[in-house]
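Comments concern the structure below.
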Amino acid sequence: MTLDQFRPQMQGIIQPMVNLAKKIGLTPNGLTVASFFVSILAGIAFYAGGVVLGIVMVVLNAVFDALDGALARDTGAAGLRGDFLDHVIDRYADIFIITGIFAGGAAPWPIGVFALTGVLMSSYLGTQAQAVGVGRYYGGILGRADRLVLIIIAGALTVLLPETIYGMNFLGWLLVIFGIFGHYTALQRFVHVWRQIDKR
Numbered sequence: 000m001t002l003d004q005f006r007p008q009m010q011g012i013i014q015p016m017v018n019l020a021k022k023i024g025l026t027p028n029g030l031t032v033a034s035f036f037v038s039i040l041a042g043i044a045f046y047a048g049g050v051v052l053g054i055v056m057v058v059l060n061a062v063f064d065a066l067d068g069a070l071a072r073d074t075g076a077a078g079l080r081g082d083f084l085d086h087v088i089d090r091y092a093d094i095f096i097i098t099g100i101f102a103g104g105a106a107p108w109p110i111g112v113f114a115l116t117g118v119l120m121s122s123y124l125g126t127q128a129q130a131v132g133v134g135r136y137y138g139g140i141l142g143r144a145d146r147l148v149l150i151i152i153a154g155a156l157t158v159l160l161p162e163t164i165y166g167m168n169f170l171g172w173l174l175v176i177f178g179i180f181g182h183y184t185a186l187q188r189f190v191h192v193w194r195q196i197d198k199r
């Protein structure tokens, strides 16, 4: 989708945080590692039923995830190791957060697995495009930034309106959306890369 389209507009919001991060001596890799730990806390919180704490941790994960790359570019520290670390941490963060949501009872485990595989496959195909020489491709209907924002919104709705629909709260139904649109995004990316390979 997506929120990635608005990165230039978001720069005005992120830059003051980048300046603060530089001032207090934070590093891009340090922020990436911090995002890893807050994602673990988010998963634990959702699993334990602490949705509010889970939301706070997801917000921090989103902020750190946006800030590490911006700080790396601003300080000239962008490199292959940082990029590799960021992608690995992002996948683990996705696993911790989504698993925490469905393991905490928001949705039956088949729906949780459906959501998790959709998220992981869409992300995998985005980077696998580079491995086959096409270049990274993050097109499609649902990116990581979109997912984090939707988790925050669905979490807030779950707190405000805890009633369930067919046994699932808003976070549970969000996992259904992640499964459907995650696999659809993976398919979109697969088709794009397949066609680009044919053009080479």
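Letter by letter, the sequence shown follows residues 0 to 199 in numbering that gives the first Met the number 0. For every residue, glycine included, the Cβ atom is placed at its ideal position computed from N, Cα and C.
Asked: Considering only their Cβ atoms, is the gap separating D67 from D89 smaller than 8 Å?; Found: no
Asked: Which whole-angstrom value is the C-beta distance of A153 and L173, which I expect to be below 8 Å?; Found: 4 Å
Asked: Between I96 and the rest of its own chain, which residues show a CB-CB distance below 6 Å, the 5 nearest in sequence each way excluded?; Found: S38, A41 and G42
Asked: What do you get for F180, buried or exposed, if any count of 16 or more other CB atoms within 10 angstroms of its CB means buried?; Found: buried
Asked: Would a C-beta distance cut-off of 8 Å place G48 and G103 closer than the cut-off?; Found: yes
Asked: What's the gap between the Cα of Y136 and the Cα of A144?; Found: 15 Å
Asked: Return helix, strand or coil for D164, following the three-state DSSP convention.; Found: Correcting the residue identity first, residue 164 is Ile in this sequence and not Asp. Reduced to three states, the DSSP call for I164 is strand.
Asked: On the premise that G138 lies in contact with R188, defined as a C-beta separation below 8 Å, what is that separation, rounded to the nearest angstrom?; Found: 7 Å
Asked: Would A92 and G171 be called neighbours here (beta carbons separated by less than 8 Å)?; Found: no
Asked: Assign V133 to one of three DSSP states: helix, strand, or coil.; Found: coil
Asked: Three-state secondary structure (DSSP) at I23?; Found: coil
Asked: Going by DSSP in three states, I140 sits in which element: helix, strand or coil?; Found: coil
Asked: Cα separation between K22 and Q127?; Found: 36 Å
Asked: Report buried or exposed for L141, applying the criterion of at least 16 other Cβ atoms within 10 angstroms of its Cβ.; Found: buried
Asked: The alpha helix (DSSP H) with A185 in it runs from where to where?; Found: F169 to K198
Asked: Taking contact to mean 3 or more Cβ pairs, one atom from each stretch, closer than 8 Å, check whether the region 79-87 and the region 52-59 are in contact.; Found: no
Asked: Under three-state DSSP, which class holds P107?; Found: coil
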